[in-house]
Amino acid sequence: MSHREHFLSSVVNDSPQAFLRFIEQHKSKNDTFDIEETLQTLPKKDHERLWSGLRDMTHKLLLTNPVGSHENEDEGPSEWPVLLSHLEGVTKVALCALAVILEKSTHVSSAFLETAVILHGLLMSLPEGYESLQNDIAQLCELWFLNELEGKEELITQAFPYLIIKSLGRGIISDVNRVWSLRQCLHLMDFDDDSSESLKQLLHQCMIHPVYLKLEEGRRFLSYAFGLNPGLSKEFHRTIKNQIPYCSMNVLSLYGEVYFRAWRVASGAYLKVLEENCIQDLMFAAVHAQRTGTQSMASRLRKVLEYIHQQKKQRGVDEALLRLYQPIIWRAFKVANPMVRANAAALLTDTFPLQNPDAGNEEIDELLQKQFDILKDLMEDPHPTVRATATHGVCRITGVFWELIPAHIIKMFLTKLYSSFCCLRSILIKDKDTLKISNGIGEMWSSSAVRVAVFQGLKFLLDNRLSHPLLKSLLSNLQDLVHDQAERVRVAFLDVLLLVKGLKAVKFWNVVPLEQLLARLEVEQSATVIRRLVKLLVNSFHPTRKSVDEQAIRCSALWQSNPLAARKFYQYVHLHTTVSATGKFIAFLGNCLMECARNEHNESSLSLEPDNQAEDKENSECLEKIGTCDVSTLAGLAETIAICWGGIKDKLDKGEPTCRTAVQERHDKLRNIADNLRLIMATIESRLSSADSVPVPLSASDEEFFQKAFQAYCLLEIHLHHMEKNDDYEGASTAMENVLVWADRVLLPMINMDRKVSVQLIKGGTGTKRAREEEQLCCLATHLVETILMCLSEIVMLRMAEENFYNHAAVFTTSLAKIGCKAVEFLPHLSKLLYQLAHSLLLSDETGNVAVQSGPVSIVLTNILQILTACDSTEVDVLTQALLTFRPALAEVLMLTELGRKRGSESNACVVTPLLSAVLTNITQQTRAVEDDTDAVPELPKFASFILKMITSTQPLLRSFLLELKQRVLSGALDKNIDQQEAVISLLGAIRGKAETSIVKTCALQISEQLKACDGSDVGEQRNEIQRARSQVQILLSKLQIVD
1 MSHREHFLSS VVNDSPQAFL RFIEQHKSKN DTFDIEETLQ TLPKKDHERL WSGLRDMTHK
61 LLLTNPVGSH ENEDEGPSEW PVLLSHLEGV TKVALCALAV ILEKSTHVSS AFLETAVILH
121 GLLMSLPEGY ESLQNDIAQL CELWFLNELE GKEELITQAF PYLIIKSLGR GIISDVNRVW
181 SLRQCLHLMD FDDDSSESLK QLLHQCMIHP VYLKLEEGRR FLSYAFGLNP GLSKEFHRTI
241 KNQIPYCSMN VLSLYGEVYF RAWRVASGAY LKVLEENCIQ DLMFAAVHAQ RTGTQSMASR
301 LRKVLEYIHQ QKKQRGVDEA LLRLYQPIIW RAFKVANPMV RANAAALLTD TFPLQNPDAG
361 NEEIDELLQK QFDILKDLME DPHPTVRATA THGVCRITGV FWELIPAHII KMFLTKLYSS
421 FCCLRSILIK DKDTLKISNG IGEMWSSSAV RVAVFQGLKF LLDNRLSHPL LKSLLSNLQD
481 LVHDQAERVR VAFLDVLLLV KGLKAVKFWN VVPLEQLLAR LEVEQSATVI RRLVKLLVNS
541 FHPTRKSVDE QAIRCSALWQ SNPLAARKFY QYVHLHTTVS ATGKFIAFLG NCLMECARNE
601 HNESSLSLEP DNQAEDKENS ECLEKIGTCD VSTLAGLAET IAICWGGIKD KLDKGEPTCR
661 TAVQERHDKL RNIADNLRLI MATIESRLSS ADSVPVPLSA SDEEFFQKAF QAYCLLEIHL
721 HHMEKNDDYE GASTAMENVL VWADRVLLPM INMDRKVSVQ LIKGGTGTKR AREEEQLCCL
781 ATHLVETILM CLSEIVMLRM AEENFYNHAA VFTTSLAKIG CKAVEFLPHL SKLLYQLAHS
841 LLLSDETGNV AVQSGPVSIV LTNILQILTA CDSTEVDVLT QALLTFRPAL AEVLMLTELG
901 RKRGSESNAC VVTPLLSAVL TNITQQTRAV EDDTDAVPEL PKFASFILKM ITSTQPLLRS
961 FLLELKQRVL SGALDKNIDQ QEAVISLLGA IRGKAETSIV KTCALQISEQ LKACDGSDVG
1021 EQRNEIQRAR SQVQILLSKL QIVD
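Shown next, in the form of structure tokens:
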């Protein structure tokens, strides 16, 4: 028996399990059985048997276990999964059979239809989790209806609502397209019957759903729904109207499209409902709505109607607008409420001209003249809002329909505008005579809203080239309005000037002279107005298409004419030019200032820049063009450099491509400057002579010059680092390494020299001059070392260096530590360097080599602690202030150490070990300095107490500190070192009660054993120290409740 016969037999013999096995074979890619191929070979008689069997089998399973009788699958009987699987199989066979029927155009059997009806009835009753089965059933019904097969009316009442629910839930384009394709089925529904209530609710949701409004097919469906039932159309309109206050302006325009599409295809009773109950209702509401707020109800309703107004070119729209507006708008112009008149004026502007193209010429002309007269009266309305709306509308209408409006009408409107200009100017200059002549018009135009409307309307007029000859003379009366008290008026006026700036027929400086614009810029406080003024003036005082020398000449002229305006101008000029162009302009101004300085000071003690005859010639020519510059103008040029640099600084920091190009263009010059500044090191070295020679005296200006030149060199090397770094040259790292070697050889010996002799010479009156000169040189060396440390921190922070540089920096701090307490002056810079090293190395996971990462941190920390320890032994108390300076940096380093430990790094030893050594050394120094015969455990010195307080702030850090102490005690490193053992006893006594007792006990017992061993050996002079230490450890053990 073949597969076809077996398949037919499984259905005819009522064997659901066998039927499901064939369905699984059809789904399997490894099986050759295909339902569609099988159905194509079945004769008509077997088709009838197949669908009769499937119908009966489905009916029997449904009687045994009705769908929806159980809440979930687990609570149902054992046949429940079989039923759902059977429904999936029947739906799959139905889809295949439908494809065969459509291909062969064969007749649909009644059993097939009855089976499809059963599946359709189950569509909305299937449990959750079977969305795929629901979609297949809906697809079956959809194809059945679209192909107009027999009985299509019976397969749509559940399928169509299901598709709407699906589109509303997922919001997918394909779902909306499926709904649109089935729109014809809506005519099969009886919307007057209560059974269609659920479908009407779904249609109402479609009216407000974003996916239906955004898609073309969705809006077509909504327009189509308006033609289903007159009563339903009214309900849809109320739903949309309730949404208008909350929709975005874009959505409101889409609603206008929905209304227009529905109107265009409507006829009869549906057309009457759409016009009178929907569109005309919106028109009435738009006329009488409130105008308060930026997005008032009136503006929202106008946005809905705007789409319909824009379709005036389509046949029938003009006539419909006139017919629908006629009973509303003419009456609105005569009401007492000014807001209604303003709304009507705005709508008349949007719909102008209201006319019936099919009427006679006389009727059309009469209606147009009526509208012109209304606009004229509105321009003289006593309420400023109405006047502003009318003025804006008149300018817009005149600008758009200039060629069509009769000349005498245009003359009337422009005369009215000219009178308003005169009144506006009279208001500003308080010309009482003009105000009297104008018969009260001045009061009518005193509103800032009206003045803004004038300028906004002028932009519509200027868009039409035919208006330029007439407006050229009118605009000259407006120059005083640039000083209007209302900011929004000044903004509107400058917008007009910016539009005029792009015209050939009118020049903006003929409207408002440059002197007036600069005077306004001088006193202007609004950033919005300043930006427009700068945009207007940028081509006059900073032409971007001209050379930098021309820009410099105009810059000088601007500073000479109005310095305050120039200052504000250059704060915004960078917005209208590129970073590269601004950089060139800054460099050129700097060269000009240098040339001016050379002209004033021909003799120079030190020249750091070689002669560049070509550049000097260019600068000299520029200076000749600029003319004689006074001090204020030169100061203005210098201020321009600072202002422009501040404007492009953020872009330079972001490293934009244009910025990199600008820097690359100036690289050669920067490198030349850096090479020349490097010579300062040799000059400084010559001044810092050896002890055997006589030092050359330094003036205050020389000292300041050396400091700034050296700092400029170091910073230039850092800035040039990324440009010059390659495999052979490490950029700023290599340059700074050379600086470190030079400082170690030249600067540190000068700082470390013994100045006691110099002080004695000053007190004795001999050698005073020499001593003061040495003090000046020492002060210079100190400032230079501070500069070096600052640059080291910058390089580390910017991650510009590698391991070799870190080691050089650490070695330099070792040299600093050798000068002892004198190095406390560098403690702020050393603290910053320590923090940057810890942040860059301890948290780095690139190499994984803890020793390499933590080495420089440990060295720098050790050197700082050595300097602090040296401060504890001085006569003058400098330690307190030094500890306060070091505290923030140490707290940050300890926090970074703990963070590194949490990340799995073992680099905390690089911090804990130096701290422990410094504490023990400090305690030992105090023990040696203070002779105490008592056996009590001495208190910790100030420095050790400070370190211990920082460590005990967190338990994890304290534990790491104790483990390091325990390791040092147990390793035998303290054997026969009585001073260190006493220090450990003091430290344990201070820690007791703050940490784990077990570690303290272990260390105390180990120290006790070591002291016993020392006491039993030949210790000679240390016997007294051993006895004192043993007494102290016994006291500690007794406090720990340990019997030794």
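Per my numbering, residue 1 is the first one in the sequence shown, and the count goes up by one each step.
For every residue, glycine included, the Cβ atom is placed at its ideal position computed from N, Cα and C.
The model shown is predicted, which means the values in this text are computed figures rather than measured ones.
If you look at G53, you'll find it in the alpha helix (DSSP H) that goes K44 to T64. Burial state of L188 is exposed, judged by a 10 Å Cβ sphere holding fewer than 16 other Cβ atoms.
In the same chain as F333, and ignoring 5 residues on each side of it, the C-beta atoms closer than 7 Å to its own belong to R341, A344 and I374, in chain order. With respect to the 9 Å criterion, H209 and A159 are not classified as neighbours on the basis of their beta carbons.
Where W263 is concerned, the enclosing alpha helix (DSSP H) starts and stops at M249 to V265.
Here the C-alpha atom of Q314 lies approximately 38 Å from the C-alpha atom of V491. About 5 Å separates the beta carbon of V912 from that of S960, a gap short enough to meet the 8 Å contact definition. The criterion of a C-beta distance shorter than 9 Å is not satisfied by L679 and A781.
In this structure, the beta-carbon distance from C206 to S167 falls below 9 Å. When C-beta atoms of the stretch 254-263 are compared with those of the stretch 285-294, fewer than three pairs fall below 8 Å, so the two segments do not count as touching.
The stretch 108-195 contains, as complete alpha helix (DSSP H) runs of 4+ residues, the segments 110-122, 131-146, 159-170 and 173-181 (chain order). Annotated three-state conformation of G360 is coil, per DSSP. Per the coordinates, the alpha-carbon of L498 lies some 8 Å from the alpha-carbon of K535.
With fewer than 16 other CB atoms across the displayed protein chains lying within 10 angstroms of its CB, R170 is exposed. Contact check for L471 against R451 fails: the beta carbons are separated by 9 Å or more.
Annotated as distal: E737 and E786, with beta-carbon spacing of 9 Å or more.
Restricting attention to E898, N356, R901 and S945, the CA atom closest to the CA of L920 is found in S945.
Rounded to the nearest angstrom, the Cβ distance from Q980 to L974 is 5 Å, consistent with a contact under 8 Å.
For the set T997, A269 and L987, the Cα lying nearest the Cα of Q1032 is the one of L987. Pairing Q355 with F284, the inter-Cα distance amounts to about 19 Å.
CA-CA distance, P543 to A390, rounds to 40 Å. Apart from sequence neighbours up to five positions away, the residues of its chain that approach L564 with a beta-carbon distance below 7 Å are E522, ordered along the chain.
Secondary structure note for K501: its alpha helix (DSSP H) is the uninterrupted segment E487 to K501. The Cβ neighbour count for P406, taken over all protein chains shown within 10 Å, is under 16; the residue is labelled exposed. Our two residues, T415 and K376, have alpha carbons roughly 11 Å apart in a direct line. A Cβ-Cβ contact shorter than 9 Å links E964 with L916. Exclusion of the five residues before and after I173 leaves L215 as the residues of its chain whose Cβ lies within less than 7 Å of its Cβ.
Assignment of F236 by DSSP, reduced to helix, strand and coil, places it in the helix class. With respect to the 9 Å criterion, A94 and F112 are classified as neighbours on the basis of their beta carbons.
I867 is positioned such that its CB atom lies closer than 9 Å to that of L827. Between Q776 and R887, the alpha-carbon positions lie close to 31 Å from each other.
By the C-beta criterion, the stretch 84-93 is judged to be in contact with the stretch 11-30, since at least 3 inter-stretch pairs fall below 8 Å. Residue burial is scored here from C-beta neighbours: Y246 has fewer than 16 other C-beta atoms within 10 angstroms and is therefore classed as exposed. Less than 9 Å separates the beta-carbon of A889 from that of S831.
C-alpha of T924 to C-alpha of E982: approximately 8 Å in a straight line.
Under the three-state reduction of DSSP output, K1012 falls in the helix class.
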